[in-house]
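Numbering-wise (full-length UniProt numbering), the sequence shown opens with residue 1 and increments by one.
One structure below.
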Amino acid sequence: MSENFDIKSTIFKLEKKILTSMATKSIITALSSETETKFLKSLYGLIKMDTSKKRAEKLIRNIIKISLKYTLIVRNGGSNVNKFNTQELENIEMLQDRFNRLILTLLTYSSIPYTYDERYLIKELKDTENVLLFIIERHVTKKTISRIQDTFNYFTSSQFFYKLYRTTDKEIQEDVKYQNYVNKLVDSMNHMMDS
Numbered sequence: 001m002s003e004n005f006d007i008k009s010t011i012f013k014l015e016k017k018i019l020t021s022m023a024t025k026s027i028i029t030a031l032s033s034e035t036e037t038k039f040l041k042s043l044y045g046l047i048k049m050d051t052s053k054k055r056a057e058k059l060i061r062n063i064i065k066i067s068l069k070y071t072l073i074v075r076n077g078g079s080n081v082n083k084f085n086t087q088e089l090e091n092i093e094m095l096q097d098r099f100n101r102l103i104l105t106l107l108t109y110s111s112i113p114y115t116y117d118e119r120y121l122i123k124e125l126k127d128t129e130n131v132l133l134f135i136i137e138r139h140v141t142k143k144t145i146s147r148i149q150d151t152f153n154y155f156t157s158s159q160f161f162y163k164l165y166r167t168t169d170k171e172i173q174e175d176v177k178y179q180n181y182v183n184k185l186v187d188s189m190n191h192m193m194d195s
C-alpha cells in the first residue's frame, strides 16, 4: 500500500457514494426512525397531491440525499479535503436551532387557526437554506448544492404551505386522503420535537 493512500479519506468517499446511491424507500426505512419515515411518507403524499408523482419522488430523494450527506460531513468534521472552519462549526448549531424553530412554527400554524404568516415562513426557509449552504458548500459538489436550492425553492415558491394552512378550498378541506397526510405530518413533527 502506498504511503500516500489515505484510508480515512477513502472511507469517507465510499460512505458518501454508497449512502447517496442507496436513497430508496426501503433502505431509508431501514436506516431511519419510524418517525422520520412517517414524516417523509406524509410529506411525499402531500407533495404528490400538490404536483406530481415524479416531482414528489425527486424532492424526497433530494431531502434524503442532502440529509445523508450533511450527517456524514458533520460526523467527519468536514469533507476529506476541507475540514470545517470556525464559522462553519458555529453555524452547525445555528442550523439545528433553525430547523427546530421551523418545526415549532409549522406546528403552531397547524394548531392555532389564522396564525399562518407566509412572509415569515419564507424568510425562515431562505435563511435556513443560506446557513445550510454556508456550512457545506465547500464540502459538496455543485450537484448537491443544486439539490438544496431546488428543494428549498419548491417550498418557498409553491403554494404548498398556503394549501396546508390558509386554503378555504372546500375540496381540499374535505379531501380525506389529504387531511390524513396532514395529520400524519403534524404527528411526526410533534414526535420529532419530543425526541
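Quick reminder that beta carbons are idealized off the backbone N, C-alpha and C, glycines included.
C-alpha distance - residue i paired with residue j, whole-angstrom precision
i	j	result
Thr141	Thr128	19 Å
Glu93	Phe134	13 Å
Tyr165	Leu72	34 Å
Thr105	Gln179	19 Å
Gln159	Lys126	16 Å
Ile7	Ile60	Since pLDDT at Ile7 reaches only 46, below the 50 mark, its modelled position is unreliable, and the value read off the structure follows with that caveat. Taking the straight line joining both Cα atoms gives about 32 Å.
Ile122	Ile103	13 Å
Tyr114	Asn100	21 Å
Ser52	Gly45	10 Å
Asn85	Lys54	38 Å
Arg138	Leu107	33 Å
Ile47	Glu90	33 Å
Lys177	Leu40	16 Å
Arg98	Val74	16 Å
Tyr116	Asn153	19 Å
Gln96	Asp175	34 Å
Whether residue i touches residue j by CB criterion (8 Å)
i	j	result
residue 205	Ser33	Any property of residue 205 remains undetermined from this structure, which presents the chain solely from 1 to 195.
Ile148	Leu132	yes
Ile64	Thr151	no
Other residues of its chain near residue i: CB distance less than 7 Å, five sequence neighbours each side excluded
i	result
Lys184	Lys38, Ser42
Ser110	Val186
Asp50	Ser158, Phe160, Lys163
Asn130	none
Beta-carbon proximity list for residue i, same chain, < 6 Å, skipping 5 on both sides
i	result
Glu118	none
Ala56	Tyr44, Ile47, Lys48
Cβ-based neighbour list, residue i, same chain, cut-off 8 Å, excluding 5 preceding and 5 following
i	result
Thr35	Ser188, His191, Met192, Ser195
Asn82	Arg138, His139
Phe155	Leu125, Phe161
(request) Could I get the ranges of all uninterrupted alpha helix (DSSP H) runs contained in the stretch 50-83, with 4 residues as the minimum, in chain order? (result) The qualifying runs are 53-75.
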